[in-house]
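Shown next, in structure tokens, is the structure this report addresses.
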Amino acid sequence: IDPSLDLVEAIKQLKIEKNAVILAHYYQDSEIQDVADYIGDSLGLSQEAAKTEADVIVFAGVHFMAETAKILSPKKKVLLPDLKAGCSLSDSCPPHLFAKFKEQYPDHLVITYVNCTAELKALSDIVCTSSNAVQIVQSLPLDQNIIFGPDKNLGDYVIKKTGRTDIVLWNGACMVHEIFSQEKINKLREEFPLAKLIAHPECENHILQNADYIGSTSGLLKYTKENPAQTFIVATESGIIYQMQKANPGKTFIPAPPNNACACNDCPHMKLNTLEKLYNCMKYELPEIDLEPEVIERARKPIERMLEISA
Ligand code: 13P
Ligand code: SF4
18 IDPSLDLVEA IKQLKIEKNA VILAHYYQDS EIQDVADYIG DSLGLSQEAA KTEADVIVFA
78 GVHFMAETAK ILSPKKKVLL PDLKAGCSLS DSCPPHLFAK FKEQYPDHLV ITYVNCTAEL
138 KALSDIVCTS SNAVQIVQSL PLDQNIIFGP DKNLGDYVIK KTGRTDIVLW NGACMVHEIF
198 SQEKINKLRE EFPLAKLIAH PECENHILQN ADYIGSTSGL LKYTKENPAQ TFIVATESGI
258 IYQMQKANPG KTFIPAPPNN ACACNDCPHM KLNTLEKLYN CMKYELPEID LEPEVIERAR
318 KPIERMLEIS A
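Under UniProt numbering, think of the first position of the sequence shown as 18, with each following residue one higher.
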């Protein structure tokens with residue numbers, strides 16, 4: 018790329034030329050969020066992907082999100098700036114092992130968190146996101162046995178919220194949400210006694226049980242706008258803090274401290290996307306998400322079921 022090129026302007030130009038829409042997750046770098054047409058949580062992004070009239074969907078997020086967009090808009094070109102932008106949670110549930118797991122529970126309904134591969138969605142009855150997991154489980158008859166995967170922390174949270182004992186969990190987790198230190202958070206709370214601890218349900222139970230609010234990224238953002246507190250300790254990926262600060266200029270947002278001093282709250286997969294890669298992927302229309310039509314067909318039903326329940 019010519020170093021004198023104004024990447025932001027060039028990306029805006031490409032959007033017009035190609036009738037493209039940029040969908041960005043809250044965990045993207047702030048400069049990517051700033052060029053996006055829509056910024057949201059996983060549910061909002063999939064709703065947007067389903068209804069867009071653009072010819073090209075540029076997904077500034079990770080692989081499973083771009084796959085979901087492709088499943089919902091199979092005729093559109095879906096681009097991801099870096100195909101290696103994966104997800105540790107999705108990786109923790111290989112479809113062939115999950116299929117064997119599922120065989121042990123033939124009368125169970127399979128609910129999968131959207132953070133999984135298209136093949137895994139194709140093995141599911143209903144998909145969910147962190148903002149509708151509880152609602153989806155509550156929409157099912159009380160005597161319905163359920164397999165929930167791949168996130169055991171979100172699954173455990175759903176069990177606690179719904180009081181249901183008939184849910185079998187897959188043992189997967191997100192590398193970013195398992196690093197927070199309760200001890201260091203407690204120290205922060207002593208220092209800032211009026212601060213609210215807000216946490217994503219992918220966090221472990223010991224963090225969630227002390228949180229003042231638990232929600233998806235958009236839920237957390239909304240809470241910071243509606244709650245009068247001036248300081249928030251944020252137990253999720255740090256990218257969301259950019260929108261929190263923009264929406265609440267006078268308030269203070271402290272990233273929840275990790276156990277290991279060398280660790281940070283950045284998702285290494287999300288952060289693989291850069292403005293340069295975004296520009297190149299729009300210019301050359303590569304890399305593109307390509308899925309077998311048969312996988313698209315089977316994976317679409319459980320996603321559509323989710324969208325119907327959360328409409
Ligand atoms: P949400 O934005 O749906 O809360 O998901 C968080 C996440 O971990 C995405 O990878
Ligand atoms: Fe996956 Fe966790 Fe990164 Fe989200 S934050 S993309 S769940 S590794």
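Note that beta-carbon positions come from the ideal geometry of N, C-alpha and C, so glycine has one too.
Q. Between Tyr-44, Ile-74 and Pro-98, which lies nearest to residue 333 when the distance is taken from Cα to Cα?
A. Look at the range of the chain in this structure, 18 to 328, and you will see that residue 333 is not part of it.
Q | Three-state secondary structure (DSSP) of Pro-310 | A | Within the sequence shown, numbered from 1, the residue matching residue 310 stands at position 293. The answer is helix: DSSP assigns Pro-310 an H, G or I state.
Q.
Looking at the secondary structure, which residues open and close the beta strand (DSSP E) in which Leu-40 lies?
A. Taking the first residue of the sequence shown as position 1, residue 40 is located at position 23. From DSSP, the beta strand (DSSP E) with Leu-40 extends over 37–42.
(Q) For the stretch 124–132 against the stretch 144–155, do three or more pairs of beta-carbon atoms, one drawn from each stretch, fall closer than 8 Å, so that the two count as touching? (A) yes
Q. Using the beta-carbon count (16 or more within 10 Å), is Glu-221 buried or exposed?
A. As a first step, residue 221 is located in the sequence shown; it is residue number 204 there, counting from the start. Burial call: buried.
Q) Can you find a heavy atom of the ligand SF4 that lies under 8 Å from the Cβ of Tyr-174? A) Your numbering for residue 174 matches position 157 in the sequence shown. Result no, Cβ not under 8 Å from the ligand SF4.
Q) Under 8 Å from any heavy atom of the ligand SF4, does the C-beta of Met-261 make it? A) The count along the sequence shown starts at 1 and reaches residue 261 at position 244. Checking every heavy atom of the ligand SF4 against the Cβ of Met-261, none is found closer than 8 Å.
Q. Does the beta carbon of Glu-321 fall short of 8 Å from some heavy atom of the ligand SF4?
A. As a position in the sequence shown, residue 321 is number 304, starting the count at 1. No; taking the cut-off as 8 Å, the Cβ of Glu-321 has no heavy atom of the ligand SF4 nearer than that.
Q) By Cβ distance, which residues of its chain are closer than 8 Å to Ile-313, with the 5 residues on each side in sequence left out? A) Taking the sequence shown and counting its residues from 1, one reaches residue 313 at position 296. Excluding positions up to five away in sequence, the list reads Lys-87, Ile-88, Pro-91 and Ala-135.
(Q) Any heavy atom of the ligand SF4 inside 8 Å of the beta-carbon of Glu-309? (A) By 1-based counting over the sequence shown, the position of residue 309 is 292. Glu-309 has its Cβ no nearer than 8 Å to any heavy atom of the ligand SF4.
Q: Determine the extent of the beta strand (DSSP E) in which Ala-116 is found, giving its start and end residues.
A: If you number the sequence shown from 1, residue 116 lands on position 99. No beta strand (DSSP E) holds Ala-116; the alpha helix (DSSP H) holding it covers 112–120.
Q: Please state whether DSSP places Gly-166 in a helix, a strand or coil.
A: Numbered from 1 along the sequence shown, position 149 holds the residue referred to as residue 166. The answer is strand: DSSP assigns Gly-166 an E or B state.
**Q.** Pairwise C-alpha distance: Ser-148 and Phe-270
**A.** Taking the sequence shown and counting its residues from 1, one reaches residue 270 at position 253. Taking the sequence shown and counting its residues from 1, one reaches residue 148 at position 131. Going from the Cα of Phe-270 to the Cα of Ser-148 covers about 22 Å.
Q.
Can you tell me whether Leu-126 is helix, strand or coil according to DSSP?
A. On the sequence shown, position 109 is the one that residue 126 refers to. Strand.
Q. For Phe-197, does the three-state DSSP call read helix, strand or coil?
A. Numbered from 1 along the sequence shown, position 180 holds the residue referred to as residue 197. It is a strand residue.
(Q) Ignoring anything shorter than 3 residues, give me the beta strand (DSSP E) runs that lie fully in the stretch 228–279, in order along the chain. (A) Listed in chain order, they are 248–252 and 269–272.
Q) Could you give the residue range of the beta strand (DSSP E) that holds Gly-78? A) As a first step, residue 78 must be located in the sequence shown, where it is residue number 61. Following the DSSP letters along the chain, one finds Gly-78 in no beta strand (DSSP E), marked with neither H nor E.
**Q.** Cβ neighbour criterion (16 or more within 10 Å) applied to Tyr-122
**A.** As a working mapping, residue 122 is identified with position 105 in the sequence shown. Exposed is the call here.
Q: For Ala-66, name the three-state secondary structure that DSSP assigns.
A: Residue numbering aside, residue 66 sits at position 49 when the sequence shown is read from its first letter. Helix.
Q. So which of Cys-104, Tyr-259, Ile-33 and Cys-110 has the shortest CA-CA distance to Phe-81?
A. For this step, residue 81 is matched to residue 64 along the sequence shown. The shortest C-alpha separation from Phe-81 is found at Cys-104.
**Q.** Inter-stretch contact (C-beta, 8 Å, three-pair minimum) for the stretch 177–196 and the stretch 208–215
**A.** no
Q: Could you check the C-alpha separation between Ile-39 and Glu-293 for me, to the nearest Å?
A: In the sequence shown, the residue the question calls residue 39 occupies position 22. In the sequence shown, the residue the question calls residue 293 occupies position 276. Going from the Cα of Ile-39 to the Cα of Glu-293 covers about 14 Å.
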